[in-house]
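To keep things clear, I will list the structure first and then write my remarks on it.
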Amino acid sequence: MTPHMEKPGDRPVDHPFHTTSVADVVSDLDTDIARGLSETSVHERRSSYGENRLAEERGEPGWRKIVRLLADKMTLVLVIAAVVSAVVSREWETPVVILVVITFNTILNYVQETRAEESLRALQDMSVALSRVRRDGREREVERTDLVPGDIVLLEAGDAVPADGRVVEAARLQVAESALTGESHPVDKSVDALDDPDLPIGDRSNMLFMNTEITRGRASMVVTATGMSTQIGTIASLLGRAGTAKTPLQRRIDQLATLLTVIAIVVVVLVFVLGLLRGDSWSDLLLTAVSLAVATIPEGLTAVVAFTLALGAARLARRGAIVKQLAAVETLGSTTQIATDKTGTLTLNEMTVRILVAGGRRYRVTGEGYSTDGKILSGSEEALPDLRRAFLAMALCNDASVDEGVLVGDPTEGALVVLAEKGGIDVVGARANHPRLAEVPFDSDYKFMATFHDTGSPIEGDHYRCYAKGAPDVLLGRANRLRGPDGDRPITEADIAGIRTAIDDLAHRGLRTLLIAGRTLPEIPDSDGLFDAVDDLVVYAVVGILDPPRPEARAAIATAHEAGIGVHMITGDHLATAASIAADLGIGGESVSGKEIDNLADDDLATRAADFGVLARVAPEHKIRYVEALQAGDEVVAMTGDGVNDAPALKQADIGIAMGITGTDVSKGAAKMILTDDNFATIVAAVRAGRGIYATSSSS
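Numbering (this note's numbering), first residue to last: 1 to 700.
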């Protein structure tokens, strides 16, 4: 839970503001929606709470990085061997060779690491520079760092949220939170207070969070947390907590270095003891002992391993996997568990209509993503009925456009545009021929959108039409007719029950449902009458929409399982949706939510972690805790992700894998490997290649 401002005698710092009414939030923070804070109050609060910035983490100086690389056990053994050999033998050939090997290995690793970890700096770079606020009764722009708890911030579409805050005013508000929560589509926001104090971040529909983006509408929010007290600040803290473990090969080399050191010491002692018993001189014994001890040490081992890993890194790059640290190459080959993000990695991140229900019949829709290639299949030999009215509604009651597979607008609306095209509608032509005259924009309060059109020529005797799409339960309550194979007829209780059964079935299978409806009108009402005109509707269709799995993901997961690698899907989606997609992909095991993980003790989680196939509605702290639990069971964990919320777990994993296309700078900075195609199949191919490289380097 995010820490928030505390006022003397008031609520505790961790008070869940999402359960509090707007009036109480404003009172708790001692502010005023209309006037905002006074400058005096702003200065006092800044003194108490500091600037709205994330704590900086100083980068590791170059000299310290070199010292760390030289502190490797095998390297220390080689250094000691070079020094002793030079001092005792007075010959420079062997020491020079050893020092060249050490220098080569250090430079190779240093060059790789100079591209790494800028996570916290990237977090700061994501922050917006200016924010519009109300202070002393006036609107003004201030620097983001000047915001304090209690500030009233004004936001509109395109703005990045500059701090955490409670929504106090909203109109058609939608926010993209995918980088923070993993939610694949924009979420609706409102001012209404919620009941559950322990709601996951993604379900707090009246809260806004730093570095998320307003995609539609406008809002005012009262700042409840700034700087390191925000959700992004919590993630920054987790990044500091995440550790970096040695790779399996590094551990084996350390063990070998220890063993060689013991052998060298034993050799020196034995030579001295036997030599003294024979009466040999000290100088001769010392030279002989050191020569034998140095001979036991494979001077070229680290160089050979480093060179092998460098060649492996180049080979992986050609496969679409860019390795930032050489040691990650062999870690990849040692991987036993893959914890992977869903959206864009296992799925296409392109919403697609899969099921169409119309006139009491169900149709399957083929095709992937935003390509209009595909068919609408009935599952029988019967010809498709005339569904033009439904497809026309999808095309017209819609603000998105799709041109040659490229979406502009909301992903869900894009899916409807594609279905309309598959149904034979020329969307661009339809919009030109049936201009929009008025609209009721979508709002989370009433959960539908409606548009009003001039048909250009009378349709069935009427010149104007209203088309609507939205939540099925809401629009069913506004409908009195159903369009069937023989035209429109009064809707019956049996019809409604059948529609609801179909909706429940689609939702259980993880599909998002929308109802499409419309009506004829003798004229377009004035602006005050538009909302009431969305009534007496004719139900045209229900659609089931999902983000489809990548075609190659299922085979890649099967390949991973055959290789003995566990695959676990981690997502911000709801549990039922996530479980359905996992089953479709062939990911077995238990499905758990973030809240259920909270209820497990660390030992219990470590015992059960490998049995979990799906983790849904999870926060960043759940991800890092899950990775730690797998590691506690001696698993080598690869973690994939693309958002800010993934960064701590990416850093904690034995090998963090970031998405090159959709990944944020923060996730790329925390990862050790970057995929250039964001494809899960590339991970499995890279693991297969990594195993060959690991086998080669281990045998060196």
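Glycine included, every Cβ here is placed at the ideal spot set by N, Cα and C. Predicted model, so just to flag it, every value in this text is computed and none were measured.
{"Check": "Where M221 falls: helix, strand or coil (DSSP)", "Outcome": "strand"}
{"Check": "Helix, strand or coil at A55 [DSSP, three-state]", "Outcome": "coil"}
{"Check": "Whole runs of the alpha helix (DSSP H) within the stretch 588-666, excluding any shorter than 4 residues", "Outcome": "594-598, 602-608, 620-632, 647-652"}
{"Check": "Best match in T366, A649, L356 for proximity to D505 [C-alpha to C-alpha]", "Outcome": "L356"}
{"Check": "Contact set for G137: own chain, Cβ-Cβ below 6 Å, skip 5 residues either direction", "Outcome": "R35"}
{"Check": "Residue from M449, D454, D151 with nearest C-alpha to L475", "Outcome": "M449"}
{"Check": "D32 versus G409: straight-line alpha-carbon distance, rounded", "Outcome": "35 Å"}
{"Check": "Beta-bridge pairing of M210 - partner residues as DSSP gives them", "Outcome": "DSSP output for M210 lists no bridge partner at all."}
{"Check": "Bounding residues of the alpha helix (DSSP H) (the contiguous stretch that carries M394)", "Outcome": "388-396"}
{"Check": "Local conformation of K469 per DSSP, three classes", "Outcome": "strand"}
{"Check": "Three-state secondary structure (DSSP) of L180", "Outcome": "helix"}
{"Check": "F452, DSSP secondary structure in three states", "Outcome": "strand"}
{"Check": "Cβ neighbours of A606 in the same chain (closer than 7 Å, five flanking residues each side left out)", "Outcome": "A629, A632, G633"}
{"Check": "CB contact flag (L377, M394, <8 Å)", "Outcome": "no"}
{"Check": "Segment contact, 8 Å Cβ cut-off, at least three pairs: the stretch 484-494 with the stretch 367-377", "Outcome": "no"}
{"Check": "Proximity to Y170 [Cα-Cα], best of D284, K189, G158, D164", "Outcome": "Per the sequence presented here, residue 170 reads as Ala, with Tyr not at that position. Nearest of D284, K189, G158, D164 to A170, Cα basis: K189."}
{"Check": "Option in I624, R489, T664 with minimal Cα separation from A653", "Outcome": "I624"}
{"Check": "Proximal residues to D399 (C-beta, below 8 Å), its chain only, five neighbours per side dropped", "Outcome": "G409, D410, E413"}
{"Check": "Buried versus exposed, by CB contacts within 10 Å (16 or more), S591", "Outcome": "buried"}
{"Check": "Alpha helix (DSSP H) segment containing T501, residue limits", "Outcome": "493-508"}
{"Check": "Beta-carbon contacts of E143 that lie in its chain and below 8 Å, excluding the five residues immediately before and after", "Outcome": "A129, L130, S131"}
{"Check": "Extent of the continuous alpha helix (DSSP H) to which G544 belongs", "Outcome": "First-last for G544: 537-546, but that is the beta strand (DSSP E), not the alpha helix (DSSP H)."}
{"Check": "Inter-stretch contact at 8 Å, needing at least 3 Cβ pairs: the stretch 610-626 / the stretch 200-208", "Outcome": "yes"}
{"Check": "P490 (DSSP reduced to helix, strand or coil)", "Outcome": "strand"}
{"Check": "Inter-residue CB distance, D642 and D341 (contact presumed, cutoff 8 Å)", "Outcome": "6 Å"}
{"Check": "Touch test, the stretch 585-602 against the stretch 518-533, Cβ-Cβ under 8 Å, three pairs minimum", "Outcome": "no"}
{"Check": "For P16 and M1, the rounded distance between their alpha carbons", "Outcome": "Below a pLDDT of 50, predicted positions are generally treated as unreliable, and M1, at 38, falls in that range; the measurement from the model is reported next regardless. M1 and P16: Cα-Cα distance of roughly 7 Å."}
{"Check": "Local Cβ density within 10 Å of H711, reported as buried at 16 or more and exposed below that", "Outcome": "Residue 711 lies beyond the stretch modelled for the chain, which goes from 1 to 700, so this question has no answer here."}
{"Check": "DSSP state of G333 mapped onto helix, strand, coil", "Outcome": "helix"}
{"Check": "Contact with chain D by P549, beta-carbon distance below 8 Å", "Outcome": "Chain labels in this structure do not include chain D; a single protein chain is all it has."}
{"Check": "Cβ-Cβ distance between L437 and I524 below 8 Å", "Outcome": "yes"}
{"Check": "Inter-residue Cα distance where the pair is I425 and F391", "Outcome": "7 Å"}
{"Check": "Proximity to N52 [Cα-Cα], best of T230, A658, T20, V97", "Outcome": "T230"}
{"Check": "Residues bridged to E143 [DSSP beta-bridge criterion]", "Outcome": "L130"}
{"Check": "Span separating the alpha-carbon of T662 from that of L537", "Outcome": "41 Å"}
{"Check": "Supposed close pair V627, V644 - CB separation, criterion 8 Å", "Outcome": "Not quite, the Cβ-Cβ distance comes to about 16 Å (not below 8 Å), so this is no contact."}
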